[in-house]
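Engineer:
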Amino acid sequence: MLDSKTRAKLRSLANQMETILQVGKNGIGEALIKQVDDALTAREMIKLSVLETAPDAPKDTAAALAEAVGCEVVQVVGRKMTLYRKNPEKTIIEL
0 MLDSKTRAKL RSLANQMETI LQVGKNGIGE ALIKQVDDAL TAREMIKLSV
50 LETAPDAPKD TAAALAEAVG CEVVQVVGRK MTLYRKNPEK TIIEL
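Residue numbers (numbering that gives the first Met the number 0): 0 to 94.
Shown next as structure tokens:
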């Protein structure tokens, strides 16, 4: 679980990030979970957007994805979410 200082630092780093994945009308499927898992392993923190056609609300989608891949939800703003998972082998983001 992230404490407030760590979450604040991650939020500030997320401001400059580009959205790399989208959750569409199919919602959370095996392919999306694999993409998110791979991206978190490579980058530690990613930003996703939830399209209008997605079946669930952005907060629900973020919680479901976090549970599926074992990561933390940094923030959900509007239809964008930021997820973080520390890579024990190759630390990219120093906290």
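Ideal Cβ placement from N, Cα and C applies to all residues, glycine included.
(1) Have a look at Cys70, Met44, Val75 and Ala41 and flag the residue whose alpha-carbon is nearest the alpha-carbon of Ala56.
(2) If I follow the unbroken beta strand (DSSP E) through Glu71, where does it start and stop?
(3) Quick one: Cα of Ala67 to Cα of Ile32, how far?
(4) Alpha carbon to alpha carbon, what distance is there between Ser48 and Leu20?
(5) For Ser48, write down the residues that DSSP places opposite it in a beta bridge.
Structural biologist: According to the structure shown:
(1) Within the sequence shown, numbered from 1, the residue matching residue 56 stands at position 57. Per the Cα distances, Val75.
(2) As a position in the sequence shown, residue 71 is number 72, starting the count at 1. That run of the beta strand (DSSP E) goes Glu71 to Val76.
(3) The count along the sequence shown starts at 1 and reaches residue 67 at position 68. The count along the sequence shown starts at 1 and reaches residue 32 at position 33. Each residue's Cα considered, the two are about 7 Å apart.
(4) Position 21 of the sequence shown, counting from 1, holds the residue named residue 20. Position 49 of the sequence shown, counting from 1, holds the residue named residue 48. The alpha-carbon atoms of Leu20 and Ser48 are separated by roughly 7 Å.
(5) As a position in the sequence shown, residue 48 is number 49, starting the count at 1. The partner list for Ser48 (beta bridge, DSSP) reads Gln21 and Lys79.
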